[in-house]
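Accompanying notes for the structure given below.
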Amino acid sequence: MQDNELHLRSRLTLLLDALSRFQEFLKFTGGIITTIILIFVSWLVKRPLGDHHLNIGRSSIRNLSLYDVCYTGALYDEKYTYTFTAPCISIRFCRPTSAYPCWLVFTAHELFYKSTTCDTSLTRLDVSFWVFPYLFKRTAGSWISAELDGLRIRVHHSNETPYWVKRLRQNLAAALLNGDIYRLDDVKVTVRFAGCTDREADGSSPADHVDPPPPFLNREVDELRTTISASQLHLHNPDARIYAFHAIDAQLRRDWDSNRGSFVLIAEESRWIRVRSPYQGEWSPGWRQIFTSLAQFPFDFLRFIDFPMSAVDLYVGRADVTFDEFRIRDAELVKQGFITLREKTALFEVNWGDAILDAFIKTVVNP
Numbered sequence: 088m089q090d091n092e093l094h095l096r097s098r099l100t101l102l103l104d105a106l107s108r109f110q111e112f113l114k115f116t117g118g119i120i121t122t123i124i125l126i127f128v129s130w131l132v133k134r135p136l137g138d139h140h141l142n143i144g145r146s147s148i149r150n151l152s153l154y155d156v157c158y159t160g161a162l163y164d165e166k167y168t169y170t171f172t173a174p175c176i177s178i179r180f181c182r183p184t185s186a187y188p189c190w191l192v193f194t195a196h197e198l199f200y201k202s203t204t205c206d207t208s209l210t211r212l213d214v215s216f217w218v219f220p221y222l223f224k225r226t227a228g229s230w231i232s233a234e235l236d237g238l239r240i241r242v243h244h245s246n247e248t249p250y251w252v253k254r255l256r257q258n259l260a261a262a263l264l265n266g267d268i269y270r271l272d273d274v275k276v277t278v279r280f281a282g283c284t285d286r287e288a289d290g291s292s293p294a295d296h297v298d299p300p301p302p303f304l305n306r307e308v309d310e311l312r313t314t315i316s317a318s319q320l321h322l323h324n325p326d327a328r329i330y331a332f333h334a335i336d337a338q339l340r341r342d343w344d345s346n347r348g349s350f351v352l353i354a355e356e357s358r359w360i361r362v363r364s365p366y367q368g369e370w371s372p373g374w375r376q377i378f379t380s381l382a383q384f385p386f387d388f389l390r391f392i393d394f395p396m397s398a399v400d401l402y403v404g405r406a407d408v409t410f411d412e413f414r415i416r417d418a419e420l421v422k423q424g425f426i427t428l429r430e431k432t433a434l435f436e437v438n439w440g441d442a443i444l445d446a447f448i449k450t451v452v453n454p
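Heads up: the sequence shown runs through residues 88 to 454, numbered per my numbering.
Written out as structure tokens, the structure reads:
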């Protein structure tokens, strides 16, 4: 009897949770639809409407293209403002084939997004929409493939990181801490004290310079530079996703005089793709693949509602991410690292005081 009650309560809890998520989805979707209507009406009346204003230079129905697109908006009582511009946006319908099961291609050039918290630019964006990707083996189940080229992100303050950049950092840090490293060809870490060490390395002092140094040679700044470089880094996260980087370089700078820091990340040929399930690699008749594709669609749609990026595979040719002001306590890897360390400590009942003392004795007292 008690087991039945517990089972009923658990099912009721799951049902209430599903209803709550569905209500949040409806609320979010309603907000998006309202915003789209305001944007469209502002374009028709040629004036801002509800802190939204869309201006399109010209359009081509024949080519299904928009030219000189400019959109400005504001949120939170105009505390957050943003501007989006694109010289050309176009869509192209395709006839799906077994070799290329694509039905729609979205293309945009020279995208630029400027907001209160960050600036983002993109040289080119190509988005392909697939028809039954599992059936045609085009992807491992992702319905959308997005290819980005020339991505540049500049965040002004790390404590005001945009939500989508924060989620990207969280997912990557979680993959590093909780996932599996499938491949890592080379990794190098360099720590350098710039400023005083540069003067000593040159074998000279400021008095030896007759002419003043050029403006870009700032030898009066003492800062700590930590650089990490890795090549062919492949990570597998618990969500059956692969992060693949051909090359990744990151540098953290900390100025001790002004108590400020900055962070730069450069990633080349980055991929975020879905991994095939074990049953997808097995041979099966065509009719079974068609049935599986049709049956899989509702589950993929529900997953898309809960997490829209679950239906997307990403490829970024080059990404440059810069934080003008970066604090160590805002580093996602540091925050999640301490959380993981605390969980492991509680799980294995590790006494860190004794562990540090034992390590000190083995290293210094009795090497």
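Each residue gets a CB set at the ideal place from its N, CA and C atoms; glycine is no exception. Note that the structure is a prediction, hence the values are computed from the model and not measured.
| Item | Value |
| --- | --- |
| Supposed contact pair E419 and A262 - C-beta distance, whole angstroms, cut 8 Å | The pair is not a contact, with the Cβ atoms about 11 Å apart (cut-off 8 Å). |
| Buried versus exposed call for A382 [16 or more other C-beta atoms within 10 Å across all chains shown] | exposed |
| Sufficient close CB pairs (3 or more, under 8 Å) joining the region 162-173 to the region 185-202 | yes |
| D387 vs W230 beta-carbon contact at 8 Å | yes |
| Complete alpha helix (DSSP H) runs within the region 205-239 (minimum length 4 residues, chain order) | 220-223 |
| For G118, the three-state DSSP class (helix, strand or coil) | helix |
| Test item: CB-CB of E412 and H243 under 8 Å | yes |
| Where T284 falls, given that 16 or more other Cβ within 10 Å makes a residue buried | Low per-residue confidence applies at T284: pLDDT is 48, beneath 50, and the placement is therefore not dependable, though the value from the model is reported in the following sentence. It counts as exposed. |
| V276 - partner residues in DSSP beta bridges | I315 |
| Buried versus exposed call for G117 [16 or more other C-beta atoms within 10 Å across all chains shown] | exposed |
| Reduced DSSP secondary structure (H/G/I, E/B, other) of N150 | coil |
| Whole-angstrom C-beta distance between W190 and V218, which should lie under 8 Å | 5 Å |
| Limits of the alpha helix (DSSP H) - the one that Y250 falls within | 250-265 |
| Collapsed DSSP secondary structure at T159 in the structure displayed | strand |
| Simplified DSSP assignment, three categories, for P325 | coil |
| C-alpha distance - P299 paired with V351, whole-angstrom precision | Low confidence applies here, because P299 scores a pLDDT of 48, under 50, leaving its location unreliable; read the following figure in that light. Between P299 and V351, the C-alpha separation is close to 29 Å. |
| Element boundaries [beta strand (DSSP E), containing E412] | 399-412 |
| Backbone CA spacing between R254 and T248 [nearest angstrom] | 10 Å |
| Buried/exposed call for L389, threshold 16 Cβ in 10 Å | exposed |
| DSSP-derived helix/strand/coil call for R134 | coil |
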